[in-house]
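Using the working numbering, the first residue of the sequence shown is number 73, and each one after it goes up by one. Yeah, the Cβ is synthetic: ideal placement off N, Cα and C, and Gly gets one too. The block underneath contains the structure these notes are about, expressed in C-alpha cells.
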Amino acid sequence: MYYYPLQPPYFLLLVGFLTAFTSGLALSGTLKVIVQQWPQDKSPKEKTNTRSFYKQLLVPFIGITGGSCLFLCSGFEIFGFPLGMALSIGLPMSLLTCFFIWRQLGGLLDYVKSEGMQSLDLDSWS
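Following this line, the structure appears as C-alpha cells:
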C-alpha cells in the first residue's frame, strides 16, 4: 500500500533550505574575515594557534548542518517516505556529508594558513 502524508512538510522544507542558505552566507562572510585577518608574515608565535578560527566557523556550520538535515528529511517525507524511514536515511546522510566537508574545510584552511593562498593551484585541472 502506498503512503501519502496528509500534510506534507512543505513549510519545514522551506525552513531547512532558508536556514542552510543563510548560515552558508554567514560562513562565507566569516571565512572572508578570517582569511583577511591572517597576516602576511609567519611568526613562530602564530603557528601555535592555527586552530583558533574553528571556533568562529562552528556556529554557522552547525546552522548549515541543521538546515540540510531538516531539508533532506522533509524532502524524503514529501516524496512518500514514512517519517521514521525519512529520518533514518536523511540524518545519517546529511550528518556524514557535513562531517566530511568540515574535515576537508579544516585541512584546506590549515594548508592555506601554513603555505599561503598562492600555494592553492585551483586551475591545475583546467
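Taking the Cβ atoms as the reference, Leu99 lies roughly 6 Å from Ile136, within the contact range of under 8 Å. Within the same chain, Cβ atoms closer than 7 Å to the Cβ of Ala158 are found at Cys145, Phe148 and Glu149, the five residues on either side in sequence being excluded. The residue among Phe153, Cys170 and Leu181 with its C-alpha nearest the C-alpha of Pro81 is Phe153.
Taking the Cα positions, Met189 is about 22 Å away from Leu130.
Going by C-alpha positions, Phe143 is about 32 Å away from Gln108. Here Ser140 is near Ser166, since their CB atoms are less than 7 Å apart. A Cβ-Cβ distance of about 19 Å is found for the pair Gln128 and Thr91, leaving them out of contact under the 8 Å criterion. For the set Val105, Leu155 and Ser124, the Cα lying nearest the Cα of Leu78 is the one of Leu155. Tyr76: not part of any alpha helix (DSSP H); DSSP gives it neither H nor E. Cβ atoms of Phe125 and Leu181 come within 8 Å of each other, at about 7 Å. Taken through DSSP and simplified to helix, strand or coil, Leu155 comes out as helix.
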